[in-house]
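Trainee:
2 protein chains.
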Amino acid sequence: MSLPHPTTEQITLANVLGALGDPTRLAIIAQLARDEATPMRCGQFWDLGSKTNISYHLAKLREAGVVRTETVGTSRLISLRREDLDKLFPGLLDSIIASAADLPLAAVVLED
Amino acid sequence: MSLPHPTTEQITLANVLGALGDPTRLAIIAQLARDEATPMRCGQFWDLGSKTNISYHLAKLREAGVVRTETVGTSRLISLRREDLDKLFPGLLDSIIASAADLPLAAVVLED
DNA sequence: TCAATAGTTCAATAACCTTTGAACTAAGGA
DNA sequence: TCCTTAGTTCAAAGGTTATTGAACTATTGA
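Residue numbers (the UniProt record's numbering), protein chains in the order written: chain A, 1 to 112; chain B, 1 to 112.
1. Roughly how many angstroms lie between the CA atoms of B:Ile96 and B:Gly73, to the nearest whole one?
2. Can the beta-carbon of B:Val16 be found closer than 8 Å to that of B:Ala64?
3. Over what stretch of residues does the alpha helix (DSSP H) that includes B:Glu36 continue unbroken?
4. Buried or exposed: A:Gln10, going by 16 or more other Cβ atoms within 10 Å of its Cβ?
5. Does the Cβ of B:Leu3 have 16 or more other Cβ atoms within 10 Å, making it buried, or fewer, making it exposed?
6. Name the DSSP beta bridge partners of A:Ile78, please?
7. Strictly under 8 Å for the Cβ-Cβ distance: is A:Leu17 near chain B by that measure?
8. Answer yes if the region 74 to 87 of chain B comes into contact with the region 35 to 55 of chain B, meaning at least three C-beta pairs across the two stretches below 8 Å, and no otherwise.
9. To the nearest angstrom, how far is the alpha carbon of A:Phe45 from that of A:Asp22?
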């Protein structure tokens, strides 16, 4: 069960922006940004779409270098690649997170 | 010959990021950013692709609200929607432009 | 008026994206 | 060992994107 990640040098601006150009994936990173110190499990995003669908979107984010996915037991722990992104594209992640926090879909995970 | 632009309120983060998630379009905005006070003509981007192709990419940027296109005689004058974008997504455009300036494709227009 | 210039629109094609359910794998607990 | 939990992978369908050349429109200058 391999989870391929791009190296820092393999991350491109076009790929990162392309990956974030989707409401579901913006909602995912908005959630991750709420507490960056604590990685989240896949299951915590199931309000945003089906199990399969979330798996697909998380793979997109991982392949673009936006998130890192670690395997822990039967779970995956997902976190922002904050250091890599800040180094490559200073200020980008912060400005996106600030704007994404207000998005309607970002509220879905918090509801209940 | 209508050139529809979204209003400020119609511009979404996902659409803007999606529009910028492409090397050709990043190169276009990198060029526009080199001298924001001076709008550019379509023809100045023909090094980046065919006439038809550039027309397509410029339409994408316009529809996402990233650029404004004005008709002047038989030309189009294209400029960044700096004020709208800065108001909606503070810091976003600057961080993207700073990173896009170093991109290989951005150099193509300057060559000769 | 006629031709050149600047750019758009159309149709076609190939490639990629999104979404789904069903089948799969791998770890942990009873 | 067997079942449950957590998530991935597969195949299929339908939609969108990117690219091209040919045909088109609109403005300008001769």
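Don't be surprised by glycine CBs; every beta carbon is placed ideally from N, CA and C.
Small disclaimer: the values here were computed from a predicted structure and weren't measured.
Mentor: So, from the data block:
1. By 1-based counting over the second sequence, the position of residue 96 of chain B is 96. By 1-based counting over the second sequence, the position of residue 73 of chain B is 73. Using only the alpha carbons, I get a separation of about 32 Å.
2. Within the second sequence, the letter at position 16 stands for residue 16 of chain B. Within the second sequence, the letter at position 64 stands for residue 64 of chain B. Their beta carbons are under 8 Å apart, which means B:Val16 touches B:Ala64 by this criterion.
3. Your numbering for residue 36 of chain B matches position 36 in the second sequence. Counting along the chain, B:Glu36 falls outside any alpha helix (DSSP H), and DSSP gives it neither H nor E.
4. Sequence index remark: in the first sequence, residue 10 of chain A carries index 10 (1-based). With fewer than 16 Cβ atoms within 10 Å of its Cβ, A:Gln10 is classed as exposed.
5. Counted from its first residue, the second sequence places residue 3 of chain B at position 3. By the 10 Å Cβ count, B:Leu3 comes out exposed.
6. The residue given as residue 78 of chain A occupies position 78 in the first sequence. Answer by DSSP bridge pairing, in chain order: A:Met40 and A:Thr69.
7. Counting from 1 along the first sequence, the entry for residue 17 of chain A is found at position 17. So, interface residue.
8. yes
9. Within the first sequence, numbered from 1, the residue matching residue 45 of chain A stands at position 45. Within the first sequence, numbered from 1, the residue matching residue 22 of chain A stands at position 22. Approximately 15 Å between the Cα atoms of the pair.
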